[in-house]
Every structure is written in C-alpha cells, then in structure tokens.
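Chains as they are written, first to last, in our numbering: chain A, 13 to 345; chain B, 13 to 345.
Data first, discussion second: the structure below is written as structure tokens.
The structure is reproduced here in structure tokens:
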C-alpha cells in the first residue's frame, strides 16, 4: 500500500494544486513525460534554473509562498530576456518528508499564483526526497521565428538601457536578514525581492519591432550582466553613475545613497531587462513600449573595457562584483 | 577578474566537453536560454529527472564517468517510453568547488559519450555550487504527431511484454556495495547498473507501427511500474513468475534464483520497456522489432488487481515493492 507521502501522492497534490492542463498539451503529469505542441512559425526557447535552499533561499527567511512564486518567475525571466512568451514548465522538486505538509502547501500556492500570472502552466516534473529543499525549474517558451533577442548583437554607439529601477531586490534581502520581521512586507524593496515580475510583455514588444540589438535579464547584477552582454557582443561600454535608476527606499530605513548605488550596480535578482538600442531608435522604442520606465544609462563603445563615469566626472573600470555562486554566499555577502 | 572556478569558466568547460551544437539549434549555451526548432508534424516530449548524490548515486561507489552517462541515459529513457526520439537536453549541475577538477572532467566524459550515443546534444543549463553533487536533466524529444505511447491504453486481454532481462541493475548495485572493487567491471549486471542503454529504437518501432496499447519504462521496478501502468489504464493484470526474464549472473557470484527473482520484480534502474500488445498483434510485433529479446510475462485483466502466479501454481497479489524515494533509501534497501 502507498503511504500518504509516497511519490505518487505528492505528484497528485502538485497536479491538483497547479490545476488544469493547458489546451496545447496532449498529456501532462502522470505519464513518463509530457507531450506538448509547438506552434508553427515559432522558435522554441528552453531554459532551466536552480533554486536551492541555502544558496538561493533560506527556510527561516523566505516564506514557502515566496519560494513557489520566485522559482518560476526567475526561470521565466530568461524567456522574457529572449523576447519570448512562456508556454509551460517542468518542476523538479526534492524535499525532506518533514516539509511535505505546511511548507509544500504554501509553496504550491505561490507557484500556482505565478503559473497563472505568467500564463505558464505545469507540464510535468520529477519529485524525490532530500534533506534540503532543491528546486530546478525548466521553462519552455516560444518566440516568432528569427525574432529572439540575443546577447551578442550590441554595436558601437548603441544606447544601453535598463527597465525599472535597480538594486531593490538586494536591498530587500539585506533588510530581511537585518530585521527578520513580517512587518516589513509592505516595503517596495521587499516586494521586489519576494515577488519579482519578469518583463515578458516588454521583452516581446522590444523584439517584435526589432528595436533592440542585444538583450538579457538582470539576474546576477548590472556589473556582471553588462560584462556578459559586452563579452558576447565583443564590445565595450560606458555607463554613468548619475543615470542609474536607483531603487526607492522609504525614509525610515535610512539607507545611504552609496548603499543604494552599490545595490544597483552589483545586487542580483532584479529581473529587469538590460538591452541595447540603436540611438536613432530610442524615441521609437519609448513610444512602442507603453508605460514601462526605461532609462538610458550609457552607450556601447569600441574596445572591450567597461567604464563607469562617476558623479564627480572621474572614470574607472566597472568592477565585476555581481553574484557568482562560486565566489559568494548570497546571505553573507 | 574571474577565478578559474567561477560560473562562466565552468560553463565554458561544459560547452567545450559536450562539443558542437546540433544544426537544429539557433543558439546554445551562453545566452539567457537555448533556441531550438521543433520539426513540423511532431509532438514535443518534455521530461526531467533528478540524479542526486546520496539518493541516486554515491561518490564512493559510482565513478564520475558512470554518473555522467547514467544521468542522461535515464532521463532519455522516458522519451523512449513514449516512442520518441531525443533531440536535445538541458543540464542543471550543482557541485562543491572541490569536485570541479577530476570529478567534473570524468563526469563530462561520461556525459559526452551518452550524448553522442543517444544522439542528444546539450542545449543549455544552469550551474551552481552546493555541498553535494546535484543533477537534474531535462530531455526534449519528438514523436510523430498522435503516435506517442501512453500508459493509459492497455485493454483487457492484451499481452504484457517486457524487453531484455530484469533485475540486472539492482543485482549490480548490490554487488557493488558488497564487494566495492573495480575488478567487477566486466560483469553484465554491473554494466547494466553503470551504463544502462535506453530502448529508443525499440520504442520507436513499437509506436510507429501502432503495435502497443500502453507503454512505460521500467525505472522503479516491475512491481511498482506495472501497478502505475494498470492504474493509468484502469485495468488489472496477471503475470507469471516462471516467465519473468531474470538477469544473467556469473557462476562465482552464487546468487540464488529467489534473489534474482526479487531483483527482477522489485529492483529499479533497468530502463527496459514494459508494454501491452493486443494478442493478435504479438507475432507482428516480434517480426517488426528485429533482434531485441521480448518476453510475454502475462496478460491484462478486468478488475484492478495485479496477480502473480507463482512457480507452484499458487497465486498472490503482486506486492508493490519497487523503489519510492519517500519509502526507501536505495543504498540500504
């Protein structure tokens, strides 16, 4: 006989929580694999993302609902970064038997909300037991054939743009570790750290009209991610400290501007878009994307250096100090 | 500056080891996500599989080359079970910094051999640091539209068939834990445990000719997997102890027949196919599949019971004692 916590029962709970299959599915959860129908005239986007207890989240810091939302949102952000739309996802979940109760229910609640908000239904997955909670999410997306935005197309003279404001997720994490209280939940930076919203609509509009030459999402921090985009495009860049859109913080937090700047340059997890636009298209781009705030923070240059022009007019090479799992511990950094 | 062990360097090593991109790829490793082109007239198969140190393999028991081969082979077996062909895979790899040297090189060697043998190139993935080695593999496959074999189509009277011989992987694991010696590597059962070969060609032939009514792969053990197939098809089954094709063992191992039977009924990791065929098609099926050994071990029945007819003619309900991560520890079971 099966115990209430055997693998089949867990799979049934996941299926029940994540709801109905999308019409594009032949078969969802419960067979050897999922069947999915790609649409004609589209390229398929494939991406996967780790979300591990102790590296990407902590059980004493992040409510299970947040873990559920965030594991799907961040994987989906890679689809947004290509200009695509998510179509479905696979969930690889490993957890201790002790977390199959309340924790898992909260987790599935957050995951369901993300799945609905991002129009990205569950197609399948794998479940096993482990002492720590391990999550790997694979997202399948689609983009009009030949329209995907890559990291490699930036050209000298292009404007370097970012969406939204930067550093909020990092400031939110720091606040959380410092104050460890549920009373903070109304803060904008905490919201950004807990429930990031991938820029799917913006990414699609930017690529559908061929407005960008290169694009990626900001997951590790501007200083690391800009370096990756420039390396892929074989170009350099100059950005201006004063133009970087800093995350808003509320008065009583007394966060100095230098801290906000550090978070904006090197903090990860914002899931905003970083992209390059030919200068003559900047106005057209602004008209096309509706209300999303976009800031031009610098321009693509020849050579391979990435220069930061500071407030006082001096310049320095931009230090690559974003998050790298092999160099940092996120919680203690 | 990047250290030799930062994330980018690891990704470069993985890319170099796994070789050239397949022609169906727009973009592979190194962008936000991979781009892949589905073929017209096909359904896409999506599957993912955990392979965790301490649950699915042990560093002191399984050479890194074996871990590399097996993590891809077992995920690909789910594609074979649907009658599909693998097209590409995503690798989610987390490991301690101490294993980024020799261990990772060995692992990538085994993975490359599997990738080539199974015609399943690497499309992308995610890499991070963790105290234990964590692997999740997502395989993308394709099958002719409407031809996928599901678990749910078995009908009363169908013959229940298995490919190959059963229990070998389990006996191999037990041998390995008991004797812990490299000298055993020539053994058939050890080979089966170390380097399983998914039945891709067989699965494709069986479905292309619509010979099977239901199919799945044997990953957790016949007793568990037959129960899953019957539950999905809402049928019962009778199988005969004397017909089960037991794994061969060499003389000096002195493994009793009762042990071989136990391994065949309840041992996991064989990655053979379990399928049902209408009785009138059994001969046609044998003709169609070429040299692969197939054994009819019983038949689908009405009701929902699964009965084992024993050697002495007595019968009993088949105990569901295959592997379940929430009930067993593989090494100590």
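Even glycine gets a Cβ: it sits at the ideal position worked out from N, Cα and C.
Handout entry: Distance between residue 286 of chain A and residue 238 of chain A (C-alpha atoms, nearest Å)
Key = Position 226 of the first chain, counted from the first residue, corresponds to residue 238 of chain A. Position 274 of the first chain, counted from the first residue, corresponds to residue 286 of chain A. So the two alpha carbons sit approximately 8 Å from each other.
Handout entry: Bridge-paired residues (DSSP) for residue 61 of chain B
Key = Position 49 of the second chain, counting from 1, holds the residue named residue 61 of chain B. The bridge partners DSSP lists for residue 61 of chain B are B/149.
Practice task
Can you check DSSP and say which residues form a bridge with residue 138 of chain B?
Solution key: On the second chain, residue 138 of chain B is found 126 positions in, with the first residue counted as 1. DSSP lists B/104 as partners of residue 138 of chain B.
Handout entry: Helix, strand or coil at residue 330 of chain A according to DSSP, with G and I counted as helix
Key = Looking up residue 330 of chain A in the first chain gives position 318. In the structure shown, residue 330 of chain A sits in coil (DSSP, three-state: anything other than H, G, I, E or B).
Problem - Outcome for residue 182 of chain B when other beta-carbon atoms lying within 10 angstroms are tallied against a minimum of 16 - result: Your numbering for residue 182 of chain B matches position 170 in the second chain. The residue in question, residue 182 of chain B, is buried, as its Cβ has 16 or more Cβ neighbours within 10 Å.
Practice task
Could you spell out the range, first to last residue, of the alpha helix (DSSP H) harbouring residue 296 of chain A?
Solution key: Numbered from 1 along the first chain, position 284 holds the residue referred to as residue 296 of chain A. Looking at the DSSP string, the run of the alpha helix (DSSP H) that includes residue 296 of chain A is 294-300.
Problem - 8 Å contact criterion, which residue 54 of chain A and residue 131 of chain A should meet: CB distance rounded - result: Position 42 of the first chain, counted from the start, is the residue given in the question as residue 54 of chain A. Position 119 of the first chain, counted from the start, is the residue given in the question as residue 131 of chain A. Between residue 131 of chain A and residue 54 of chain A the Cβ distance is about 15 Å, and since that is not below 8 Å, they are no contact.
Handout entry: heavy atom of the ligand NAD below 7 Å from residue 152 of chain A C-beta
Key = This structure lacks the ligand NAD; in fact it carries no ligand of any kind.
Exercise for the section: For the region 99-114 of chain A, enumerate the residues whose C-beta is nearer than 7 Å to any C-beta of chain B, in chain order. Expected result: Within the region 99-114 of chain A, the qualifying residues are 102, 104, 106 and 109.
Practice task
Step through the CB atoms of chain B and report whether any lies within less than 8 Å of the CB of residue 333 of chain A.
Solution key: Locating residue 333 of chain A in the first chain gives position 321, counting from the first residue. No, because no Cβ of chain B sits closer than 8 Å to the Cβ of residue 333 of chain A.
Problem - Residues that residue 137 of chain B contacts on chain A, provided the C-beta gap is smaller than 8 Å - result: Stepping through the second chain from its first residue, residue 137 of chain B is reached at position 125. Ordered by position in chain A, the residues that pass the 8 Å Cβ test against residue 137 of chain B are 60.
Practice task
With residue 229 of chain A as the anchor, note down where its alpha helix (DSSP H) starts and where it stops.
Solution key: Here residue 229 of chain A is taken as the residue at index 217 of the first chain, counted from 1. First-last for residue 229 of chain A: 226-229, but that is the beta strand (DSSP E), not the alpha helix (DSSP H).
Practice task
Go through its chain and collect everything with a Cβ distance to residue 296 of chain B's Cβ below 7 Å, but skip five positions before and after it.
Solution key: Along the second chain, read from residue 1 onward, the residue named residue 296 of chain B stands at position 284. Excluding sequence neighbours, residue 296 of chain B sits near 223.
Practice task
Using a Cβ cut-off of 8 Å, pull out every chain B residue sitting near residue 19 of chain A, in sequence order please.
Solution key: As a position in the first chain, residue 19 of chain A is number 7, starting the count at 1. Going along chain B in sequence order, the residues near residue 19 of chain A (Cβ under 8 Å) are 336, 337 and 338.
Practice task
Determine the contact status of residue 161 of chain A and residue 204 of chain A, defining contact as a CB-CB distance below 8 Å.
Solution key: Residue mapping note: residue 161 of chain A aligns to position 149 of the first chain, counting from 1. Residue mapping note: residue 204 of chain A aligns to position 192 of the first chain, counting from 1. The Cβ-Cβ distance between residue 161 of chain A and residue 204 of chain A does not fall below 8 Å.
Problem - Bridge partners - residue 313 of chain B, DSSP secondary structure assignment - result: Counting from 1 along the second chain, the entry for residue 313 of chain B is found at position 301. When DSSP reads this structure, residue 313 of chain B sits in a beta bridge with B/248.
Problem - Backbone secondary structure at residue 119 of chain A - three-state DSSP - result: For the purposes of this step, residue 119 of chain A is identified with residue 107 of the first chain, where counting begins at 1. It is helical.
Problem - Under the three-state DSSP convention, the category residue 26 of chain B falls into - result: If you number the second chain from 1, residue 26 of chain B lands on position 14. Secondary structure of residue 26 of chain B (DSSP, three-state): helix.
Practice task
Go through its chain and collect everything with a Cβ distance to residue 261 of chain A's Cβ below 7 Å, but skip five positions before and after it.
Solution key: On the first chain, position 249 is the one that residue 261 of chain A refers to. Counting only residues of its own chain and dropping the five nearest sequence neighbours on each side, residue 261 of chain A has a CB closer than 7 Å to the CB of 183, 201, 267 and 272.
Exercise for the section: Pull up the distance between the alpha-carbon of residue 151 of chain B and that of residue 60 of chain B, whole angstroms please. Expected result: On the second chain, position 139 is the one that residue 151 of chain B refers to. On the second chain, position 48 is the one that residue 60 of chain B refers to. Residue 151 of chain B and residue 60 of chain B: Cα-Cα distance of roughly 6 Å.
Problem - For residue 162 of chain A, the first and last residue of its enclosing beta strand (DSSP E) - result: The residue given as residue 162 of chain A occupies position 150 in the first chain. First-last for residue 162 of chain A: undefined, no H or E at that position.
Problem - CB of residue 257 of chain A within 8 Å of CB of residue 178 of chain A, strictly - result: Mapped onto the first chain, residue 257 of chain A falls at position 245. Mapped onto the first chain, residue 178 of chain A falls at position 166. In this structure, residue 178 of chain A lies closer than 8 Å to residue 257 of chain A by Cβ.
Problem - Rounded C-alpha distance that separates residue 65 of chain A from residue 247 of chain B - result: Position 53 of the first chain, counted from the start, is the residue given in the question as residue 65 of chain A. Position 235 of the second chain, counted from the start, is the residue given in the question as residue 247 of chain B. Their Cα atoms are separated by approximately 41 Å.
Practice task
Spell out whether any CB of chain A is found under 8 Å from the CB atom of residue 28 of chain B.
Solution key: Taking the first residue of the second chain as position 1, residue 28 of chain B is located at position 16. No, no contact with chain A.
Problem - Contact the region 160-174 of chain B vs the region 89-100 of chain B: 3+ CB pairs below 8 Å - result: Because the criterion of three Cβ pairs below 8 Å is met, the region 160-174 of chain B and the region 89-100 of chain B touch.
Exercise for the section: Report yes if the CB atom of residue 175 of chain A is closer than 8 Å to the CB atom of residue 214 of chain A, and no otherwise. Expected result: Stepping through the first chain from its first residue, residue 175 of chain A is reached at position 163. Stepping through the first chain from its first residue, residue 214 of chain A is reached at position 202. Yes. Within cutoff.
Handout entry: Rounded separation between residue 26 of chain B and residue 149 of chain B - CA only
Key = Sequence index remark: in the second chain, residue 26 of chain B carries index 14 (1-based). Sequence index remark: in the second chain, residue 149 of chain B carries index 137 (1-based). Rounded to the nearest angstrom, the two C-alpha atoms are 14 Å apart.
Problem - Nearest to residue 138 of chain B (by Cα), restricted to the options B/254, B/23 and B/153 - result: The residue labelled residue 138 of chain B in the question sits at position 126 within the second chain. With distances taken between Cα atoms, residue 138 of chain B lies closest to B/23.
Problem - residue 325 of chain B to residue 170 of chain B span [Cα, whole Å] - result: Residue mapping note: residue 325 of chain B aligns to position 313 of the second chain, counting from 1. Residue mapping note: residue 170 of chain B aligns to position 158 of the second chain, counting from 1. Roughly 21 Å separates the two Cα atoms.
Practice task
Look up residue 320 of chain B in the DSSP assignment and give the residues it is bridged to.
Solution key: Taking the first residue of the second chain as position 1, residue 320 of chain B is located at position 308. BP columns for residue 320 of chain B point to B/251 and B/328.
Practice task
Tell me residue 308 of chain A's beta-bridge partners as DSSP assigns them.
Solution key: Numbered from 1 along the first chain, position 296 holds the residue referred to as residue 308 of chain A. DSSP, once it has assigned bridges, lists A/173 as partnering residue 308 of chain A.
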